[in-house]
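Residue numbers (the working numbering): 724 to 1137. Ideal Cβ placement from N, Cα and C applies to all residues, glycine included. The model shown is predicted, which means the values in this text are computed figures rather than measured ones. Each remark here refers to the structure printed beneath this line.
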Ligand SMILES: [Cu+2]
């Protein structure tokens, strides 16, 4: 009876081991990447992305596209998130469906981390090369050390063709041209298989003899030493020496084959070039802001003063990449993602041109299903429920100015 139980235990141990091994090779395709579950305050009060452009909606394998635009590093950065002193301009995609062929901030190549200043606007561009066919949600993204990935708006892009055609040729510093996609792949397979076989042999050897309960009994009764035979010691020594010889030998051979290597480059770029927006001439004071839960609408009472010399009108409120527009002032024709664009989502109690020198208090309502769909309304459950965003004003000549708002938000449930 004991022998049968022991066999069952051993068999189930092997089964678990095989299941774990199989799980290692199983990688299901992710269709979304959690942009909606990122805390609303993170999306509303850290990096504000605007003027975004995805150069293509459909791109064949090996062809390139760009994502470009601007971002404002919000001055009212939350205290709970580390400042963007070490940040990396990235792209939010489900795995390596594109490769990032280059990225630029203010025209400067940024293959490494950068230091960003609060309150500044930066222009950026990311060049992508299509790799895996499919429909992919492509986001701008900023990785901030101590803050995590801060995701920007996403747009669906289709990659056509076949992944087997994908090539990624690069010329090394020693003048050799290699295809990074397949470079040294045989070697990668070889070493994975080799260590897998060695590790598996090690495990199989040690699950011989009594396992679990008999061993536990031996150990707790002070007879642990009897569990290890002289043969076990020899086998252990053999595995140990074999591993050292294998590592030392292959390392020597690799050093002979590749005499010139440089470490992966890391570092921090400071003093990035900022983008100068025209100095705003409108001053905005948020008197009051409420979010009406049943109406999926945010209402702000704003007192505007025009200190400039041309009349202006409010045309857009942008928060977390969701854009609420007043179509009488501004219509978007850049192909911005539909789900993030409320073309008629902004209504203003009196949006007649605000004359130079005039001060006016207006009621602004930003309403759209996006408040719920993009889970921005979750903001009202935060201990510090504040909202923030960008207001864009236009004059009759199409000159635009940007004013940021940052104020507490009070929910109403009726
Ligand atoms: Cu997405």
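The closest CA to that of residue 870, considering only 961, 861, 1007, 762, is found on 762. Counting C-beta pairs closer than 8 Å gives three or more between the segment 812-820 and the segment 848-866, which meets the contact rule.
Beyond the five residues adjoining it in sequence on each side, residue 1066 comes within less than 8 Å, by CB distance, of 1048, 1050, 1054, 1055 in the same chain, given in chain order.
Annotation for residue 854: 784, 819, 820, 821, 822, 886, 889 place their beta carbon closer than 7 Å to its own, counting only its chain and skipping 5 residues before and after. By the criterion of a C-beta distance shorter than 6 Å, residue 1088 is surrounded in its chain by 1020, 1022, 1070, once the five residues flanking it on both sides are discounted.
The DSSP-derived three-state label of residue 891 is coil.
With a minimum length of 4 residues, the unbroken runs of alpha helix (DSSP H) contained wholly in the segment 1067-1114 fall at 1093-1096. Residue state for residue 800 is assigned as coil, using DSSP reduced to three classes.
Shown here, residue 845 sits in a strand according to DSSP, grouped into three states. Under the criterion of beta carbons closer than 8 Å, residue 1132 and residue 1110 qualify as touching, at roughly 4 Å. Residue 900: member of the beta strand (DSSP E) spanning 900-902, first to last residue.
Going by beta carbons, residue 757 and residue 795 fall outside the 9 Å limit. Separation of residue 934 and residue 907 (C-alpha to C-alpha, rounded to the nearest whole angstrom) is 41 Å. Spanning the alpha carbons of residue 1091 and residue 1112 requires a straight line of approximately 15 Å. Relative to the Cα of residue 966, the nearest Cα in the group 940, 918, 804, 1108 belongs to 918. Residue 789 sits away from residue 772, with the two beta carbons spaced by 9 Å or more.
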